[in-house]
Structure formats: structure tokens, C-alpha cells
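Protein chains in written order, with full-length UniProt numbering: chain A, 1 to 194; chain B, 1 to 194; chain C, 1 to 194; chain D, 1 to 194.
All residues carry an ideal CB built from backbone N, CA and C; glycine is no exception.
Data first, discussion second: the structure below is written as C-alpha cells.
There are 4 protein chains.
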Amino acid sequence: MTSKKTEKYHLILQGALKVFAENGYHRSQVSKIAKAAGVADGTIYLYFKRKEDILIHLFQEKLGELVNKFHESVAETNDACEALRMICTIHYTELENNPELAYVTQIEMRQSELELRKEIGITLKPYIELIENIVQQGIDNGQFRANLNVKLVRNLIFGSMDEVVTSWLLSGQKYSLRDQVDETLQFFIHGVSK
Amino acid sequence: MTSKKTEKYHLILQGALKVFAENGYHRSQVSKIAKAAGVADGTIYLYFKRKEDILIHLFQEKLGELVNKFHESVAETNDACEALRMICTIHYTELENNPELAYVTQIEMRQSELELRKEIGITLKPYIELIENIVQQGIDNGQFRANLNVKLVRNLIFGSMDEVVTSWLLSGQKYSLRDQVDETLQFFIHGVSK
Amino acid sequence: MTSKKTEKYHLILQGALKVFAENGYHRSQVSKIAKAAGVADGTIYLYFKRKEDILIHLFQEKLGELVNKFHESVAETNDACEALRMICTIHYTELENNPELAYVTQIEMRQSELELRKEIGITLKPYIELIENIVQQGIDNGQFRANLNVKLVRNLIFGSMDEVVTSWLLSGQKYSLRDQVDETLQFFIHGVSK
Amino acid sequence: MTSKKTEKYHLILQGALKVFAENGYHRSQVSKIAKAAGVADGTIYLYFKRKEDILIHLFQEKLGELVNKFHESVAETNDACEALRMICTIHYTELENNPELAYVTQIEMRQSELELRKEIGITLKPYIELIENIVQQGIDNGQFRANLNVKLVRNLIFGSMDEVVTSWLLSGQKYSLRDQVDETLQFFIHGVSK
DNA sequence: GATGAATGAGTGTTCATTCAT
DNA sequence: AATGAATGAACACTCATTCAT
Chain A
1 MTSKKTEKYH LILQGALKVF AENGYHRSQV SKIAKAAGVA DGTIYLYFKR KEDILIHLFQ
61 EKLGELVNKF HESVAETNDA CEALRMICTI HYTELENNPE LAYVTQIEMR QSELELRKEI
121 GITLKPYIEL IENIVQQGID NGQFRANLNV KLVRNLIFGS MDEVVTSWLL SGQKYSLRDQ
181 VDETLQFFIH GVSK
Chain B
1 MTSKKTEKYH LILQGALKVF AENGYHRSQV SKIAKAAGVA DGTIYLYFKR KEDILIHLFQ
61 EKLGELVNKF HESVAETNDA CEALRMICTI HYTELENNPE LAYVTQIEMR QSELELRKEI
121 GITLKPYIEL IENIVQQGID NGQFRANLNV KLVRNLIFGS MDEVVTSWLL SGQKYSLRDQ
181 VDETLQFFIH GVSK
Chain C
1 MTSKKTEKYH LILQGALKVF AENGYHRSQV SKIAKAAGVA DGTIYLYFKR KEDILIHLFQ
61 EKLGELVNKF HESVAETNDA CEALRMICTI HYTELENNPE LAYVTQIEMR QSELELRKEI
121 GITLKPYIEL IENIVQQGID NGQFRANLNV KLVRNLIFGS MDEVVTSWLL SGQKYSLRDQ
181 VDETLQFFIH GVSK
Chain D
1 MTSKKTEKYH LILQGALKVF AENGYHRSQV SKIAKAAGVA DGTIYLYFKR KEDILIHLFQ
61 EKLGELVNKF HESVAETNDA CEALRMICTI HYTELENNPE LAYVTQIEMR QSELELRKEI
121 GITLKPYIEL IENIVQQGID NGQFRANLNV KLVRNLIFGS MDEVVTSWLL SGQKYSLRDQ
181 VDETLQFFIH GVSK
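Here it is in C-alpha cells:
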């Protein structure tokens, strides 16, 4: 249910996503976002403290939806391998289907000050922790090695997927991202060894 | 022996590294860099076309050194696992020992326009390819699975390490990065499975 | 009645005229013009694309008024000699009464790039053509020689008056400009010969 | 006789004439002039106090030659009409044959500060006075009207020719300047009347 | 709440001039 | 005298943010 108050809020976020994806954060003037959202420049400041705030909220909003999808999909299984597969599938599929979102998360999000990076870290945390829980679950049910450093491994897993997406994006999205799921999973499960 | 001509060039790069690490790229005024380098503002433009150019050269210079170290170390062995270990060791150790460089590569480098990102991609390519070669070598000598997608795997490996470094940096460098080498290698070689 | 929108536009032009006359175009910083106009620096760029634009608009605005006066005065007569007299009278009188405008038209206008000079040429054209028409009229009604090269003669006439104004200005405006009308006319009509 | 000391002086002036004509005064960096002259930047300051100085000297040098030609040609005759014809012929011919010089005198010379304009006025004075003398001579020998205001008339004459040259230049030199001599003279001698 | 005109702080870059060699 | 690397003052322009309506 979207109240009348939040209508403009979402219009602005929608406009910002479009403008950021087209021009990059630093080249996206507030007035351009306002125009894309169909509101006046000043109106933006009724919903956001600063320009940076738009980016943060955009990230939180969009990532929140993603994290929800992750949680929903994983809830259905006790198999850690299967859970990892679902995580990876959603990760690749969702970003492949939303190139604008992909661009903003992979490129623009990183273009921010240290302060903002930490803010983003907080938003990202539930996702990272979800991966951590899956790894822990895999250990607990005997699927994974017991001596895994879960905090390190979750970073390795997230970092891998993250880089694959960025690489795909910078390459010009010339191949299918979701087609990489199987081989990515192979690597997570068995590593490179025979 | 540093020729007189390149002396200021390196002074400026050194100053820029310091200033970028302290303030971030966008908050680093050219005049601040000049001051840190002990030269006049205008002098910078005798050696660099524009501010962005400093970042690119800084990256190329520093990353070039790193890539050389990677190549040298790897040249000594035919064992793909051992080569991966060396790569990871150098990657973690060098950045741990050069926090300023780490900050610039992990945070500031990403703060740049798409155009620059591609420039950086080119500089990074030899490193990525080195990893690819190691993986290929591992396949060839039977250490690794034959059906590995080398281009995907190299991205997974690089992305993993990259994320570990970023995470370490954003955490405030509270733990030892090089101590993560063994477990990182475990993950690369065997994945998570028992 | 000046609409609210154009109010600042005219304030800026007025300020620019003053500042240009006092300091010359190149020594007139935008901030100085803004101050003289009683607006913020940035406001200028809501009404003009760039600094040069102010000069062009100033010229068009002021010259447009002059050209109108020329046209009005000439419309009243069929006598080419009388028309020339009116042209000359207005030319001298108006500039004598507006030393700031005189300074800008005679000195600053010429200080601009070739590109701008052509722009100015376009604005000046109606005036030059008016002179041409008068000459043609004089030929047609038998007052002037039939074999006059009207395009050359209009330049000779305009150039004469223009130089007289510049000379008067550079001399420090020590004598009356309008007092030169009679003798200037004599020269136009009869030349130097007995 | 050119001493070794003045060799570079003339090289610089020659280079400046070329560069000014090609780029205009304000877009002509000192370093560009130095390059065109085949000397080092600093060398220029051994011969000229400031950049503006080059323009002044260039003007004085080139105009000095012109004035000499004027004087020589006029010395041969006592006929004021004939003298005016010679003045006009040389004025148009010389500038038509030296488009670079024409460009600098008609366009660039005007692009200078009031201070410089007065400097130029001084250099131009002998030429203006020469015209004045011719007019006076015409009066004295009964060729011209006795009640002519010589100081005004000289300005009218100079201004006419000056405007014709500028107009020809801005038109892109599409027609012959010297072909305008006869009709210009007609205007000076008889004005426009029948 | 909504507007959008107005603000003014902030900075990369140029280039005339200097001066140690 | 000649060099040319180094200097640093100067400034147009942008754009996030405010606030009177």
C-alpha cells in the first residue's frame, strides 16, 4: 500500500535509478533527477536530506527487495549446496534482468565516499550474513568441511559473484550471466582441484 | 637512478597517493596534491594532462610494480597450486604493507567514471591473465579439472581476493590480511565441500 | 512595464555596461558584474550562457534602440540629404549623451574575437543597410550622382562617423561631438572640393 | 643593416605577426610565438617587456614602413587630389598584399586595452597628420574649400578608408580592395552630390 | 506540501612571467 | 645571451541547497 506521501518518494527513486544508470552519479544533477521524476528540484529535499541520500535510499530499497527474495528462496531448503545455488541464481538473474540496477550497484555505488561505503556495507550485511548462515548450515549438517572460516568464506563467495557481475557489465553484457551459475557453483563446492 | 626530469613526476605521484588516501579522490584538490608534492600547482600540468591523469598514472605505476612481482614469483614454479599460493600471498601481503595503496586501489579507483574504469581494466588485465594462465597450466598438468571455464574461474579467484581486501580495509584493518592466505587457498583448491 | 522575469536580465545588462565602461571587457570579472547588478554570480548564468553572451546582448539591446531611433527619424523625410543629416545627428548625439555606451561600442566591442565580431556585424547590418537605402534614395530622386557604388559609399559614410566618435572618445571627450554634424554633412555631400 | 642583436628581435616580430594573424592576440600564447620564431620562451623577454609590447612594436615597425611609403609617394606632388589618390592607393594596396598585416592592424590592434589603444594612436599620428597636411595643402592652393575643418576632415578620410578595409577583411577578402580606390577618391573629392 | 528562482561556495586549468643554469 | 622548467595568480562556470511564495 503506497500512501500519497510516499508516491513522490518512489517517483524520485525511480527517476534517480534511471538517471544514475544513464549518466553516473557525479554527472547526475539533482535537477535532472527532478525532471525525470516529474517533480520540482526543491521537492526532492522534502524527501531526502542530500543528494547522497537518494543513492543510499535507492540502494536500501532495491537491495532490500533482493535480500527478501534471497531469504524466501533459501527458506525452502535445508541443503546448503542447493541454497548456494539459489543465492547465485537469484544474484545473477536479478541483475541480468535489471541492467539499470546492476549498473548502479556495481559501478555507481562504488563511486561514493568512504562514509557512504560503510552505509552501503550495513545495507549489504543481511545478504552477507545470509551467505554466512548457509555456509554454517553446510558445516553443521556435514556437507561442508568443519574447519571452514565462515566469515572468510562468505566474503570469498560474495566477492566472486560480485566480480563476475562487474566483469559481465564492463564487457558490455555480451553473454548470459545466469549461464554462469553452474560453473560458479562447481567452483564454490569443489574448488579447482580434480 | 632517478633522472631529474622524472623526479617531480614521482614526487607528484607520491604526494597524490598520500592525499588521495587521506581525503579520497574527489576531496583532493589539485592544489593540495601540489602542496604535498612540494611543487607549484601549475607544475602538475607539466607532467599530467589533468587531475584524472594522476590517478591513472598512479594506478599504472603502482600496479605495474605489483604485476612484476607476481610474474617474478610465479616464474619459479610449475606447480599451479603453488603459483596460486604465491599470487594470493603477494596480493594480501603487499596491500597489507601499503595501506595507502590499498585504500587507493580498493576504494578510490572505483570512484571513477566508467571511462576511467575501463582504463583501469586495461592495466589490470595482465594480472587477470596471469591468473588465467595459472589456471590453464593447472588444467594442462592435470592438477585441476579439465572442464574448468578458465575465464570464469579467473574472475572468481580475483573477485574473491579483491573482496577480502576491501572487507579488511572497511573493517578498519583490525586483523592480519596475510593470515587469510591459507584458508583462501583451501577454498580455491577444494571449495567448500568435504 | 517590466515583467519580473526580465527585471534581473536588465539589471545585469545595466551592471555590465557600467563595469565594462569602467574596466574594459577583459578586466571585468563576472563577479564584479554580478555585484554591480545586485545579484549573485550564479544568477547571471540563468540569463546568459556565458560572459561573452552579456556583451552580445548588451550590444544588441542598445544598438537595437539606436537603430529604431534612426528608422523613426528617417521615416519622416524623402530628402536624402536631410536623412543623412538626421542619421549623423543621432549617431553623434546619442553617443555623446551616453559615454558609457560609446565606450563599449567603440572600444570594447572591437576587443572581441573574430567570431564575436561577425555576430556584431549582423546586429550592425540594419544600420548599415539604412545608410545604403538613403544613398540609393538620393540616387533615385536625382539628389546624388547616379554612378555611386552604394555599398562602398555606405561603408565610407559609416566609417567616417565611426572614426570621428572613436577619435573624440580617445581624446577624452574634450569637445562637442554634435557640433561636428554640419561639417561632417558638408563632407558627405560635397566632399572636399570647391 | 641588421646587427646580430636585432636578428632575434625581428624573428620574434615575424613569428608574432604570423601567430597573431592565425589565432588572434588573446589566443596567441607567448610560447606559441616563441616556437614560431624559433627561440625559447624566455628569450622573448630579453627583447620585449611584456606580451603586449610585442604587439606595440609590431605595429610601430610595420606601420612605420607604411608611413614611410606614404611620405615618399606624396613628396613627389603638389596636387592635393593626386596626393590623396596616392595615399588611398597605398593604403588599400599594401593591406591587400599583406593580409596578415591587415588582419593584425584592423582586428587584433583593436582588441587591446585602452592604454594600448592610446599607444597605437601615437604611432598612427604621423599618418593622420600626413592626411591633415594634404588637406591643408589643398586648401592653400585653392583646390579645396577654405572653410574645411582639417582635423575633422582628416578623421573622416582616415575613418572611411579604415572601415572599407575592415569590411573587406570581414567579408573574407572576396573582392579587390585596390579596385575601390577610384570610387573612394570620387567620394572624398566630390562627396555624394551631383 | 510543492515550487523553481536565486544563491554563492568551490576548483581545475591556463599561461604570462621569472630565474637558475 | 639564451634557455625552458617552474611558478602561482587569476577566473569563469557549475550545481547542491535554500526559501519566499
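#### Entry: Buried versus exposed call for D162 (chain D) [16 or more other C-beta atoms within 10 Å across all chains shown]
buried
T2 (chain D) by DSSP, collapsed to three states: which one?
Caution applies to T2 (chain D), whose pLDDT of 47 falls short of 50 and renders its modelled position unreliable; the model cannot decide the point.
Q: Show which residues of chain C have a CB atom less than 7 Å away from the CB atom of G191 (chain D).
A: F187, F188, I189, H190 and G191
Secondary structure of I193 (chain A), DSSP reduced to three states: Sequence check: residue 193 (chain A) is Ser here, not Ile. Strand.
Quick one: give me the first and last residue of the alpha helix (DSSP H) that H57 (chain A) is part of. K51 to A75
### Start-to-end residues for the alpha helix (DSSP H) that takes in E100 (chain C)
P99 to Y103
Exercise for the section: Using alpha carbons as the reference points, say which of C:E52, C:R27, C:I12 and C:E96 lies closest to D179 (chain C). Expected result: C:E96
Starting from residue 196 (chain A), trace the alpha helix (DSSP H) in both directions and tell me its first and last residue. This structure gives no information on residue 196 (chain A), because the portion of chain A shown stretches from 1 to 194.
Between which residues of its own chain and Y47 (chain A) is the CB-CB distance below 7 Å, once the five residues before and five after are set aside? For Y47 (chain A), where only same-chain residues beyond five positions count, the Cβ hits under 7 Å are K8, Y9 and I12.
Item to complete: Report yes or no: is there a C-beta of chain C within less than 8 Å of the C-beta of Q136 (chain D)?
Response: no
Report the residue from A:T166, A:G121 and A:A75 whose alpha carbon sits nearest the alpha carbon of L152 (chain B). A:T166
- Message: Beta carbons nearer than 7 Å to chain A: which residues of the region 146-167 of chain B have them?
- Response: L148, N149, L152, V153, N155, L156, F158, G159, S160, D162, E163, V164 and S167
Legend entry - Range covered by the alpha helix (DSSP H) that runs through Y47 (chain C): D41 to Y47
Those residues which DSSP pairs with F144 (chain A) across a bridge
Note: F144 (chain A) sits in a beta bridge opposite B:S193.
**Asked** Could you give the distance in angstroms between the alpha-carbon of H26 (chain A) and the alpha-carbon of I120 (chain B)?
**Response** 19 Å
inquiry  = Could you check whether the region 56-72 of chain A touches the region 142-159 of chain A, counting it as contact only if at least three pairs of C-beta atoms, one from each stretch, sit closer than 8 Å?
reply    = no
Report yes or no: is there a C-beta of chain C within less than 8 Å of the C-beta of E183 (chain D)?
-> So, interface residue.
*asked:* Is Q29 (chain D) close to chain C? Criterion is C-beta to C-beta, closer than 8 Å.
replied: It does not: the Cβ of Q29 (chain D) has no partner Cβ on chain C nearer than 8 Å.
D79 (chain B) - DSSP class collapsed to helix/strand/coil: Under the three-state reduction of DSSP output, D79 (chain B) falls in the coil class, being neither helix nor strand.
Notebook entry, point to check: Going straight from the alpha carbon of H190 (chain D) to that of F187 (chain C), what length do you get?
Noted result: 8 Å
*CB-CB under 6 Å to T89 (chain A), same chain, minus the five flanking residues each way: which ones, in chain order?*
Within the same chain, Cβ atoms closer than 6 Å to the Cβ of T89 (chain A) are found at V181, the five residues on either side in sequence being excluded.
- Item | Residue span of the alpha helix (DSSP H) that contains I33 (chain D), given as start and end | Where I33 (chain D) is concerned, the enclosing alpha helix (DSSP H) stretches over V30 to A37.
*Taking all protein chains shown into account, do 16 or more other C-beta atoms lie within 10 angstroms of the C-beta of I157 (chain A), making it buried, or fewer, making it exposed?*
Residue environment analysis places I157 (chain A) among the buried positions, since at least 16 neighbouring C-beta atoms fall within 10 angstroms of its C-beta.
- [ ] Pull up the CB-CB distance for L58 (chain A) and A16 (chain A), whole angstroms please, since I reckon it's below 8 Å.
- [x] 6 Å
inquiry  = Contact between the region 92-107 of chain D and the region 27-43 of chain D is defined here as three or more beta-carbon pairs at a separation below 8 Å; is this criterion met?
reply    = no
Check your understanding: Taking Cβ positions, are V192 (chain D) and F144 (chain C) nearer each other than 8 Å?
Key -> yes
Original post:
Since V74 (chain A) and I87 (chain A) are thought to touch, with beta carbons under 8 Å apart, how far apart are those beta carbons, to the nearest angstrom?
Top reply: That pair is a contact at about 7 Å.
Q.
So for Y25 (chain A), helix, strand or coil by DSSP?
A. Correct three-state label for Y25 (chain A): coil.
task = Could you name the residues of the same chain whose beta carbon sits closer than 8 Å to that of G38 (chain B), not counting the 5 residues immediately before and after it, in chain order?
result = Cβ within range, chain order: L11 and G15.
Run down chain D in chain order and give the residues with a C-beta less than 9 Å from the C-beta of K118 (chain C).
Here the neighbours are L170.
- [ ] Would you tell me roughly how many angstroms separate the C-alpha atoms of N78 (chain D) and S160 (chain C), rounded to the nearest one?
- [x] 25 Å
Just to confirm, is the Cβ distance from N141 (chain D) to A80 (chain D) under 8 Å?
yes
Work out the CA separation of S171 (chain C) and G138 (chain C) for me, nearest whole Å.
In a straight line, the C-alpha of G138 (chain C) is about 34 Å away from that of S171 (chain C).
Practice prompt. Assuming Y103 (chain C) and L169 (chain C) form a contact by the criterion Cβ under 8 Å, report the distance between their Cβ atoms to the nearest whole angstrom.
Written response: Separation of the CB atoms of Y103 (chain C) and L169 (chain C) is rounded to 7 Å, and the pair is thereby assigned contact status at 8 Å.
- Message: I'd like the list of long-range same chain contacts for T134 (chain D), defined as Cβ closer than 8 Å, with 5 residues on each side in sequence excluded.
- Response: In the sequence under discussion, the amino acid at residue 134 (chain D) is Ile, which differs from the Thr named in the question. Hits under 8 Å: V74, A80, A83, L84 and I87.
Mind pulling the chain D residues with CB within less than 7 Å of Q180 (chain C)? L152
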